[in-house]
Amino acid sequence: MKSGYSDVPSIQEWLLSQIHPGDLISADPRIISYTEWTNWDNFFSKAGLKLELYLDNLVDKIWGSEEGRPPYPSDPLFILDTAYAGLSWQEKIAAVRQSIDSNKSSVLVLTALDEIAWLLNLRGADVPFTPVFQSYLIVGTTWATLYLPPGKSTAEVVAHLNANGNNEANSVRIKNYTDIWNDLQYFNEDGDRVWLPYPFSYARGASYLIYKMVPEGKAVFSVSPVLLMKDRKSDIEAKGMQNAHIRDAVALCQFLSILEEGVAAGEIWDELSAVSTLQLLRTAQSLSLGPSFGTIAAFGPNAALPHYEPTFETNRVIDDTSVFMLDSGGQYLDGTTDVTRTIHLGTPTNIEREIYTNLLMGCIDIASTIFPEGQTLSSLEILIRAPLYSLGLNYGHGSTHGIGFCLAVHEAFNTTYHEHFFGSQEPGYYQDNEFGIRLENIVTVVKANVTLGSDPNYLTFKPVTLVPYDSNLINPDIMSKKQLLWLNDYHAKVREIIGTEMLWQGLTNAYEWLLRKTEPILT
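Residue numbers (my numbering): 2 to 524.
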């Protein structure tokens, strides 16, 4: 069962079907958000059940000290240079303090790991695929304290944060990770207001235990200012994101050319070998930190599962009899990538071509639209779904998510489009037990050139992902001339930008493949 799907019960609904009135329920209050906890408590109370605050994590107690328990990651933090980050942490914290003052608060408690990493220009390796680190951060109007597990800090990190400095406003103290539970209780003076992040988009907000440790009446909930700051990339971050996507596209195109040639030559390829080969090619690119999430490499019926990841038990051979969907991404010091392409190495069915083409038409329609500033995800989403709707088809996942800068591949954003927003556009269709097709580009929001009117606040999307679409799956006869012109222009940019980088890297075979895949379609 996967939360959020229409035929899947919520956690509390499922629990209610398994237990009896009078039973006690608990959850770890350190990892359950305040909002989740209170919603669950209200739900269970109506059913005669009690949600108990219990500070021991029962899964941890089951693990105990048994051999084989994986240790917590011990990798130390590393500094993300301002050459990539754009702004110093001091500049970022100064802006946060302005927000604290505007919110009439005393301190801001940050709990989202990507927000802490972004704010302090630090990265780590505590979470697979996402370069963040276990931490809390409290920012006051003239001071800040970072809470870290033992062994995470280094002399370089201490110097970076000026942690031993005398000027509190330009330093960040470092304390033990668990000290936060005591420190939160000190904010009990008259006038103290403790700003706790409220859940928003992909951000879950402060945990229930954070809330409980703040003195009664002192907590104030609002969306984290850091969430809103980091979803608007700086000029340097925006340039880095585009550069990272160029190198990433080279690796992906190189892989697709190798796969196509190999299958045609009778080589045995499967989903797992595709994952490992692509990862090697990506990590060979400069500034690479590895993949940004577990690669979805899905052939035939496996592609009908939107979030499928291959295992030894499910691994399928890739051949020319069905579609192959590849959703993957990379982490780089100068950006994060996420791209999905679906290809067919043989002769696709008419239905596969029609669905693929309508998905592509949705990608083109939303990417080429011009809109006034202030439009939201919900107000524009019909553009990406409408061509698929015309077939009487739909998909059950979101069409857009934000993307971080050398951070989370799924990043919270305020849902209102603005310049230097970076995020995905990804329609799909999944035919149970048969095939699945998804297309995904990362785009950024830029100023639009409008022919009439004097309002400068019109925006449009600029594709950042530069990877060819599969002409084998495109039916140009059902596309409009405007859509075909957009597609030809896109492929011309792919050929120019990615082709130039391929030649610079000496990848002549991949370049020849790229030339074939970006041939214009006659309009």
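Just so it is clear, CB atoms sit at the ideal spot from N, CA and C, and this is done for glycine as well. A quick note: this is a predicted structure, and the numbers were derived from the prediction, not measured.
Assess contact between the segment 149–169 and the segment 184–197, defined as three or more Cβ pairs (one per stretch) separated by less than 8 Å. Is contact present? no
Terminal residues of the continuous beta strand (DSSP E) containing H345? For the purposes of this step, residue 345 is taken as the residue at position 344 of the sequence shown. Residues 340–345.
If distances are taken between C-alpha atoms only, which option among Q255, T143, E497 comes closest to N510? Start at 1 with the first residue of the sequence shown, and residue 510 comes out as number 509. Comparing Cα-Cα distances from N510 to each of Q255, T143, E497, the minimum goes to Q255.
Spatial neighbours of T416 within its chain, please: CB distance less than 6 Å, with the 5 preceding and 5 following residues excluded, ordered by chain position. Stepping through the sequence shown from its first residue, residue 416 is reached at position 415. Same-chain partners within the cutoff: T377, L378.
DSSP three-state call for P1: helix, strand or coil? The structure shown does not extend to residue 1, since the chain is modelled only from 2 through 524, so no value can be given for it.
N-terminal and C-terminal residue of the alpha helix (DSSP H) that W119 is part of: Taking the sequence shown and counting its residues from 1, one reaches residue 119 at position 118. Here the alpha helix (DSSP H) through W119 covers 114–121.
G291 versus V133 - alpha carbon distance: For the purposes of this step, residue 291 is taken as residue 290 along the sequence shown, with counting starting at 1. For the purposes of this step, residue 133 is taken as residue 132 along the sequence shown, with counting starting at 1. If you take the alpha carbons of G291 and V133, they lie about 14 Å apart.
Taking 8 Å as the CB-CB cut-off, is V158 touching chain B? The structure shown contains no chain B, having only a single protein chain.
Per DSSP, F130 is paired with what? Taking the sequence shown and counting its residues from 1, one reaches residue 130 at position 129. In the DSSP output, where bridge partners are listed per residue, F130 has none listed.
In chain order, what residues of the same chain have a beta carbon less than 6 Å from the beta carbon of N316, not counting five sequence neighbours either side? Along the sequence shown, one-based indexing puts residue 316 at 315. Contacts found: D271, E272, L273.
Under 8 Å by Cβ, that's how I've got T466 and V340 pegged, so tell me the actual separation to the nearest angstrom. Sequence index remark: in the sequence shown, residue 466 carries index 465 (1-based). Sequence index remark: in the sequence shown, residue 340 carries index 339 (1-based). Indeed, because the Cβ distance is near 5 Å, the residues count as touching under 8 Å.
Mind listing, in chain order, the continuous beta strand (DSSP E) runs of no fewer than 3 residues lying wholly within the segment 232–294? 289–292
Quick test of your reading: Q13 and W38, contact by CB under 8 Å. State the CB separation rounded to the nearest angstrom. Here residue 13 is taken as the residue at index 12 of the sequence shown, counted from 1. Here residue 38 is taken as the residue at index 37 of the sequence shown, counted from 1. That pair is no contact at about 11 Å.
Assumed close pair S258, A413 - CB separation to whole angstroms, cut-off 8 Å: Within the sequence shown, numbered from 1, the residue matching residue 258 stands at position 257. Within the sequence shown, numbered from 1, the residue matching residue 413 stands at position 412. With 8 Å as the limit, S258 and A413 do not qualify as a contact, their Cβ atoms being about 36 Å apart.
Bounding residues of the beta strand (DSSP E) (the contiguous stretch that carries N177): Working through the sequence shown from its first residue, we reach residue 177 at position 176. Note, N177: beta strand (DSSP E), 174–177.
Identity of the residue in S107, A204, L210, P22 nearest G49 by Cα: The residue labelled residue 49 in the question sits at position 48 within the sequence shown. Of the listed residues, the one whose Cα sits closest to G49 is P22.
Anticipated Cβ contact below 8 Å, H246 with I443, distance rounded: Position 245 of the sequence shown, counted from the first residue, corresponds to residue 246. Position 442 of the sequence shown, counted from the first residue, corresponds to residue 443. Yes, they are in contact, since the Cβ atoms of H246 and I443 sit about 7 Å apart, within 8 Å.
List the residues that DSSP assigns as beta-bridge partners of Q432. As a first step, residue 432 must be located in the sequence shown, where it is residue number 431. For Q432, which the question treats as bridged, DSSP gives the partners F436.
Could you tell me which residues DSSP pairs with L54 in its beta bridges? Looking up residue 54 in the sequence shown gives position 53. A28.
Reducing DSSP to helix, strand and coil, say where L147 ends up. Residue mapping note: residue 147 aligns to position 146 of the sequence shown, counting from 1. Correct three-state label for L147: strand.
What separation, rounded to the nearest whole angstrom, lies between the Cα atoms of T445 and Y418? Along the sequence shown, one-based indexing puts residue 445 at 444. Along the sequence shown, one-based indexing puts residue 418 at 417. When rounded, the distance between both Cα atoms is 9 Å.
For P1, collect the residues of the same chain with a Cβ closer than 8 Å to its Cβ; drop the 5 residues on either side in sequence, then sort them by chain order. In the structure displayed, the chain extends from 2 to 524; residue 1 sits before or after that span and is not available.
Residue of E497, Y199, S481, D180 minimising C-alpha distance to E513: What you label residue 513 is simply residue 512 of the sequence shown in a count that begins at 1. With distances taken between Cα atoms, E513 lies closest to E497.
Confirm, please, whether the CB-CB distance from H308 to V324 is below 8 Å. Counted from its first residue, the sequence shown places residue 324 at position 323. Counted from its first residue, the sequence shown places residue 308 at position 307. No, these two residues do not count as a Cβ contact at 8 Å.
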